[in-house]
Structure formats: C-alpha cells, structure tokens
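Mapping of the sequence shown onto our numbering: position 148 corresponds to residue 148, and the numbering continues sequentially without gaps. In what follows, a structure is listed as structure tokens, so that the remarks can point back to it.
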Amino acid sequence: MKIRVADIKDKEKLLSGEEAISHYPTLMQAQSDGQCEFLSPVSISLSVVREYDHIRVHGSVGTEVRLFCSRCLAEFVDTITSEFSIFYIRSDETQPEDEVELGEEDLVSVTFSGDEIDFTDEIAEQILLGLPYKPLCTDECKGLCFTCGTDLNASECSCSQNSTSMVFSPLKGFKVKQ
Ligand SMILES: [Zn+2]
Ligand SMILES: [Zn+2]
C-alpha cells in the first residue's frame, strides 16, 4: 500500500484494503521457512495525517495463519492482528545531530524520500511481529509425552505417571532447613 505525499493533508486520510501475501517478500519468506502458512490476504487500515514536520500513520493490519503448536505439533488457525503508530520523516529533513524527540516510547520513526510513501515493509514487519514465537494451540496445551509421544490433550498414557515422578525425583528426600 502506497500514498502520494502530495495527497497527505492536515486532515486525516483513511486508507484501507487487502493485499495478497505475494506482495510482501518477507512474508513469503516466512512462509517458505515453514514459520506459518498464510490463509488470507493482509487486511490493512491506515490513517495518515500531516503533523508539523512529519507524517503520522496509525494503522491496524491483520491476517489469518495456520500454525503448528510448539508443544503438541497440532495444526491450528490463528488470527494475527497488529496496531501500530509510525512517524514518517523526510530523510533530507533529518539532521544527524538533531535527535528527534518523539515523546511517546513505542513510536517508530521511519524516513522516506521521493513523492510517495510505500508502507509495504512496515506492514510486513507488523505482521511478522504479530506471529507468536512459540505458537500454542491453547494456553493449556499439555503437549506430547516425552516418552511415548502420546498427545496428552487427547488421552493419558501409561508412562505419564512415571515421567511425572522422574521429573520430581531429584526433590525426594530434599528437606528445607529451618
Ligand atoms: Zn498444542
Ligand atoms: Zn507416554
């Protein structure tokens, strides 16, 4: 998604739409790395406004992905959404010794040059940030038995008792000195 700089006014401008994953090289890369599978295009809504010497963009992006649970390896579908604010500052207006004081901590500032601003990189980055580092099918996922590989969400295995006591066995006989 792009906007012509000349079209950005003091009054907030809203942009929205959907873009195919193939439009985003870094998302295609994440998919071919097996991090996830994108099931829907990226939906984007941005508000763009000129403020002082910068352009402020507040946006929300989202898409649907298929992930593998990092505990039980089950496939599941999740919705990734991310909200962000970015300041775009024209690169020839930024002096290296002139630090930009943004005031708000989690604001990102990005420089641009030329007649238009291309949001592609930032949108892809926001989607990637939204992907879980350790995906879980549910927060309570019990995972697989380390010994026999049984999915402990679906059933109990006969070795689950043993593996539990093995985990705690180093603590047997351990006494807290008062
Ligand atoms: Zn799981
Ligand atoms: Zn087992």
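The beta carbon of each residue, even a glycine, is placed where N, CA and C say it ideally should be.
In terms of CA proximity to I89, V57 leads the group Q126, C159, Q35 and V57. The beta carbon of C148 is closer than 7 angstroms to those of C157 and C159 in its chain, skipping five residues each way along the sequence. Using a Cβ-Cβ distance cut-off of 8 angstroms, the region 140-147 and the region 31-50 are not in contact, since fewer than three pairs of beta carbons, one from each stretch, lie closer than that value.
DSSP places E83 in no alpha helix (DSSP H) but in the uninterrupted beta strand (DSSP E) bounded by E75 to R90.
Remark: the C-beta of C145 is in contact range of ligand 2, defined as less than 7 angstroms to any heavy atom.
Residue pairing from DSSP places F68 in a beta bridge opposite E75. Under the three-state reduction of DSSP, E12 is assigned to coil, being neither helix nor strand.
Looking only at S82, H23, L129 and L39, the smallest Cα-Cα distance to F76 is reached by L39. DSSP, read as helix, strand or coil, puts D118 in strand. Going by DSSP, T26 is part of the alpha helix (DSSP H) stretching over P25 to S32. The DSSP-derived three-state label of S113 is coil.
Taking L136 as the centre and dropping the five residues before and after it, the same chain places the C-beta of C69, S70 and R71 closer than 8 angstroms to its C-beta, in chain order. Residue state for E140 is assigned as coil, using DSSP reduced to three classes. Distances from the CB of C141 to the heavy atoms of ligand 2 are all 7 angstroms or more. Beta-bridge analysis with DSSP links F38 to V65. Of the heavy atoms belonging to ligand 1, at least one sits nearer than 7 angstroms to the Cβ of A74. By alpha-carbon distance to Y133, the top candidate from I80, S85 and I117 is I80.
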